[in-house]
Amino acid sequence: MIELLNYQFFQNAIIGGILIGIISAWIGLFLVLKKESMIVDGAAHTAFGGLALGLLIGIDPFLTALIVSIISIFLISHMRSKGHAYSDSAIALMLAVGFSIGLAIISVTRGFGVDIFSFLFGSILTISREEIILITLLATSIAAFLSNFHREILAIIFNEDEAKIMGIPVRRISICFNLMIAVAIILSIKMVGTVLVVALMVIPALAALRLKCSFIKTLISSITIAIIGVISGIIISAYYRIATSAMIVLILLLIYMIIVVRKRW
Amino acid sequence: MEKVLEVKELKVIRNGRIVIDGAEFEVLKGDYIGIIGPNGGGKTTLLLAILGRIPRISGSIKWFGKELKDFKDWHRIAFIPQDATNFDRNFPLSVKEFVVLGRLGRKAGRKINREDWEEVDLALEFMGLAEVANKRIGELSEGQKQRMFVARALVRKPEVLILDEPIAGMDASIQEKFYQKMSELNHKMNVTILMVSHDLSVVFCKMNKVICVNKEVYVAKVGKEAEEVLRKAYGEHFYFVFHRHECRGEFVD
Ligand SMILES: Nc1ncnc2c1ncn2[C@@H]1O[C@H](COP(=O)(O)OP(=O)(O)OP(=O)(O)O)[C@@H](O)[C@H]1O
Ligand SMILES: [Mg+2]
Numbered sequence: 000m001i002e003l004l005n006y007q008f009f010q011n012a013i014i015g016g017i018l019i020g021i022i023s024a025w026i027g028l029f030l031v032l033k034k035e036s037m038i039v040d041g042a043a044h045t046a047f048g049g050l051a052l053g054l055l056i057g058i059d060p061f062l063t064a065l066i067v068s069i070i071s072i073f074l075i076s077h078m079r080s081k082g083h084a085y086s087d088s089a090i091a092l093m094l095a096v097g098f099s100i101g102l103a104i105i106s107v108t109r110g111f112g113v114d115i116f117s118f119l120f121g122s123i124l125t126i127s128r129e130e131i132i133l134i135t136l137l138a139t140s141i142a143a144f145l146s147n148f149h150r151e152i153l154a155i156i157f158n159e160d161e162a163k164i165m166g167i168p169v170r171r172i173s174i175c176f177n178l179m180i181a182v183a184i185i186l187s188i189k190m191v192g193t194v195l196v197v198a199l200m201v202i203p204a205l206a207a208l209r210l211k212c213s214f215i216k217t218l219i220s221s222i223t224i225a226i227i228g229v230i231s232g233i234i235i236s237a238y239y240r241i242a243t244s245a246m247i248v249l250i251l252l253l254i255y256m257i258i259v260v261r262k263r264w
Numbered sequence: 000m001e002k003v004l005e006v007k008e009l010k011v012i013r014n015g016r017i018v019i020d021g022a023e024f025e026v027l028k029g030d031y032i033g034i035i036g037p038n039g040g041g042k043t044t045l046l047l048a049i050l051g052r053i054p055r056i057s058g059s060i061k062w063f064g065k066e067l068k069d070f071k072d073w074h075r076i077a078f079i080p081q082d083a084t085n086f087d088r089n090f091p092l093s094v095k096e097f098v099v100l101g102r103l104g105r106k107a108g109r110k111i112n113r114e115d116w117e118e119v120d121l122a123l124e125f126m127g128l129a130e131v132a133n134k135r136i137g138e139l140s141e142g143q144k145q146r147m148f149v150a151r152a153l154v155r156k157p158e159v160l161i162l163d164e165p166i167a168g169m170d171a172s173i174q175e176k177f178y179q180k181m182s183e184l185n186h187k188m189n190v191t192i193l194m195v196s197h198d199l200s201v202v203f204c205k206m207n208k209v210i211c212v213n214k215e216v217y218v219a220k221v222g223k224e225a226e227e228v229l230r231k232a233y234g235e236h237f238y239f240v241f242h243r244h245e246c247r248g249e250f251v252d
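Below, the structure is given as structure tokens:
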């Protein structure tokens, strides 16, 4: 257990995991409040197509995935803001298209079997020093944005019309926020893979909301829960050789259940 | 007198039906205006249109001399919508955290400071919400929620205050206090107030103008000339409406 800490890969995983956990829980809380958590699932699966595309044309797959995820998030939120009926079905459709294109590309070109597995299920234990630097940069800029504008974002989520009348630059803030969601999704894919991104972003928020407290306490609880889940998930998975993403999500679910049961009492 | 709002030939259509037809009126600085009219007459529609929240078919709207589309100083205005209290009960905000949102809209990303929190405490104290300041907003009673929205409007220190039936759930003593505060804001701070109200006695006692909305929009000074306006706005129900406030002996000439 202790000797694990001496390994570079393990230190990297813990640092990267905590940073990703913080911002995904933070953004996840806003998305849950906005009742838009399925956007994450849609965009994450669509991004899988982007990952495959990157491998195919030979550039960093996470870059193409980021672009695809940005596009899909803006498409989805455009549809929702225009009040298109069936925007939920549109998310499902986009998810299916992106994901199946990704699978098709990969099956045609075969060859990169290992990568597919890490895209689907995450690869936090193989994170490199350079990636840690990139993750730190992205995570701190997202955190800076969120802490500066969290009241504006809250006001917009609470009632967009009122926020506009209050003179809050709703459009600009929403655009920035959508970009942050896309980046957070890509970072989370790195950690837990496309399939479980939505769980990583949503479960801490759902658990924290169960505590029924003020916003600031809800936010802090949500981030704390995410950090606990990430650290213990990584440790257990490295020790017992269980899939990290599964372990993280299972622990988050366990915390959620403990909170639900305790609140019932 | 400075013109706060200037509306010309405003026409608004909702669901294919004309709801506001050729509204034409001015609001001057320091006005205290009651907006009255039957249910479905278009009061809420009129407010949302002048705030740019629903589109208009024709006409012009000027705030502080600026066309609506060029108007940017929204921090000068506070608005409480009719269905304000109809929010998600589980939203994780304390009353204090909610009211401080009223301080937004001046400069995006401005840090909330001590002075902002002091304003919040004052407003909560004033609206009798100090004891529930740390409760979650969903736990308040209907009347308390309404007072919370008033508190959020007050911390904006607005030059114009627009309220769409703000007192529906408040108890009698709070209503009285609320109207006192409105008069005080209007007289001492020269805040311009537009308030939708169905309580004609209050409108005729405390306010200086009425705007009657029933598809067409009529404006009158409070007093005898308002009779004609009421007759047009309420049609056949006019006698009942008019008689009611006369009975209370509160008709101000
Ligand atoms: N969201 C909406 N979409 C379409 N039509 C609407 C909408 N809201 C109101 N209307 C219509 O506009 C007309 C005016 O409604 P409005 O809410 O402005 O009346 P009001 O004077 O505020 O009534 P109340 O006293 O009941 O609040 C009504 O005929 C109503 O059916
Ligand atoms: Mg109304």
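Note that the protein sequences, when read in sequence, are chains D and X.
For the first sequence, numbering that gives the first Met the number 0 gives the first residue as 0, with consecutive numbering after it.
For the second sequence, numbering that gives the first Met the number 0 gives the first residue as 0, with consecutive numbering after it.
Glycine is no exception: its CB is placed at the ideal position from the N, C-alpha and C atoms.
| Item | Value |
| --- | --- |
| Just to confirm the assignment, what range does the alpha helix (DSSP H) spanning D/Val-67 have? | 60-80 |
| Could you pull the DSSP bridge partners for D/Ser-86 from this structure? | Answer by DSSP bridge pairing: none, since D/Ser-86 is not bridged. |
| Is X/Met-194 helix, strand or coil by DSSP? | strand |
| Closer than 5 Å is what we want: which residues have a beta carbon that near any heavy atom of ligand 1? List them in chain order. | X/Arg-13, X/Asn-14, X/Val-18, X/Asn-38, X/Gly-39, X/Gly-40, X/Gly-41, X/Lys-42, X/Thr-43, X/Thr-44 |
| Determine the chain D residues that contact X/Arg-135 at a beta-carbon separation under 9 Å, and present them in chain order. | Lys-211, Cys-212, Ser-213 |
| Can you pull the chain X residues whose beta carbon is under 8 Å from the beta carbon of D/Ile-167, in chain order? | Leu-103, Gly-104, Ala-107 |
| Since I believe D/Thr-193 is in contact with D/Phe-118 (beta carbons under 8 Å), could you give me their beta-carbon distance rounded to a whole number of angstroms? | 6 Å |
| Return yes when the C-beta of X/Arg-164 is under 8 Å from any heavy atom of ligand 2, and no when it is not. | It is worth fixing the name first, because residue 164 of chain X is Glu in this sequence and not Arg. X/Glu-164 Cβ: within cutoff of ligand 2. |
| Where does X/Glu-164 land, buried or exposed, given buried means 16+ other C-beta within 10 angstroms? | buried |
| My output table needs one value for X/Ala-107: the three-state DSSP class, helix, strand or coil. | coil |
| Starting from X/Phe-78, find everything on chain D with Cβ-Cβ shorter than 7 Å and list it in chain order. | Ile-164 |
| Applying the 10 Å Cβ sphere with the 16-neighbour rule, what's the burial state of X/Ile-56? | exposed |
| Note down, in chain order, each residue of its chain lying with its Cβ closer than 7 Å to the Cβ of X/Glu-141, except the 5 sequence neighbours on either side. | Thr-84, Gly-168 |
| Is it the case that the Cβ atoms of X/Leu-162 and X/Val-190 are separated by a distance below 9 Å? | no |
| Please classify X/Asn-133 as buried or exposed, where buried requires at least 16 neighbouring CB atoms within 10 angstroms. | exposed |
| Closer than 7 Å by beta-carbon distance: list the chain D residues that pair up with X/Leu-121, in chain order. | Here the premise fails: no neighbours, minimum Cβ distance about 19 Å. |
| Using a beta-carbon distance below 9 Å, is X/Lys-231 in contact with chain C? | Note that chain C does not occur in the displayed structure, where the protein chains are D and X. |
| Does ligand 2 have a heavy atom nearer than 8 Å to the CB of X/Gln-143? | no |
| In the DSSP assignment, the alpha helix (DSSP H) including X/Lys-2 goes from what residue to what residue? | Where X/Lys-2 is concerned, there is no enclosing alpha helix (DSSP H), although the beta strand (DSSP E) it sits in stretches over 2-13. |
| Using DSSP with H/G/I as helix, E/B as strand and the rest coil, what is X/Arg-16? | strand |
| Since D/Asn-147 meets chain X, which of its residues come closer than 7 Å, beta carbon to beta carbon? | Gly-108 |
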